[in-house]
Amino acid sequence: MDAQHRAQRSGPIWWITSIASWLLLLVLSALIIATIVVPYLARAQRYTVLTGSMSPTYKPGSLIVVKEADANDLAIGTPITFQLESGKPTVVTHRIVAISENTRGERVFTTQGDANSIPDEKPVIPEQIRGKVWYSFPYLGYVHSWLTGEQRKIILSIVVTALAAYAVYMFVSGTREGRRDRRNRAANVDDVQMSDDIQLSETATASHNESAGHVTTL
């Protein structure tokens, strides 16, 4: 049974399953960290791209993480997320194509979507800017839009708990198998030692009997 068990745990199917399981665990953990933990710690905002104005850079359904930025540090070529109207919740993400100053001496930004042929009609003032795009993930925006705040918390708790439980299971299972293998190797060593002792004993007995059969009588 032990030999069969070891063969099952060392075969190609077992290795493929183990590698795939760990890769899935690592990918899911990385996604959770990148889409939830890092934005939370950095106080960044997450948005879902709804239109194709920034294709192919940010296709519809992409999740973009937007980090606060000083308007004085923004440069031409930087993709920014800004309010269409100052103080209104609707936002859009376009790229800065020109920087100038208005009559009040403040910087204003001309933006344009990567897929658009002309710049946006209205310039963007610093008060409208929510931040610059930090990084993005394709298609994850659909999940972000589908989940409400409460649903997101519940599902995140379930996923994190499941991943932690699976990681603990894999670790405990590996540790248990390691101990079992060490015990089996120790038992095999004892069996070999006992077999050697038996062979030595049989050899000694045979030698003694042979000597007794050749006693010389004076």
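Numbering (our numbering), first residue to last: 32 to 249.
Virtual Cβ for every residue (Gly too), placed ideally from N, Cα, C.
- Secondary structure at valine 203: helix, using DSSP grouped into helix, strand and coil.
- Uninterrupted alpha helix (DSSP H) stretches at least 4 residues long and entirely within the segment 42 to 72 occur at 43 to 63, given in chain order.
- Secondary structure of leucine 115 (DSSP, three-state): coil.
- Of the other Cβ atoms in all chains shown, fewer than 16 fall within 10 Å of the Cβ of isoleucine 189; this residue is therefore exposed.
- Taking C-beta separations shorter than 6 angstroms and ignoring five residues to either side along the sequence, the partners of glycine 144 in its chain run Ser84, Met85 and His125, following chain order.
- Isoleucine 149 counts as exposed, since fewer than 16 other C-beta atoms from the protein chains shown sit within 10 angstroms of its C-beta.
- Within the segment 69 to 138, the complete alpha helix (DSSP H) segments of 4 residues or longer fall at 69 to 73, listed in chain order.
- Residue pairing by DSSP places lysine 163 opposite Lys98 and Ile111 in a beta bridge.
- Of the candidates Glu152, Asn147, Val199 and Ser117, Ser117 places its Cα closest to the Cα of arginine 161.
- Distance check between proline 157 and each of Ala100, Thr82, Val58 and Leu56 places Ala100 closest, using alpha-carbon atoms only.
- With a 10 Å radius around the Cβ and a threshold of 16 neighbouring Cβ atoms, proline 70 comes out buried.
- Beta-bridge annotation (DSSP): threonine 141 is paired with Ala129.
- Contact between glycine 172 and threonine 79 is confirmed by a C-beta separation of about 3 angstroms, below the 8 angstroms threshold.
- Note that the C-beta distance between valine 96 and serine 176 is not below 9 angstroms.
- In this structure, the alpha-carbon of alanine 195 lies about 37 angstroms from that of valine 122.
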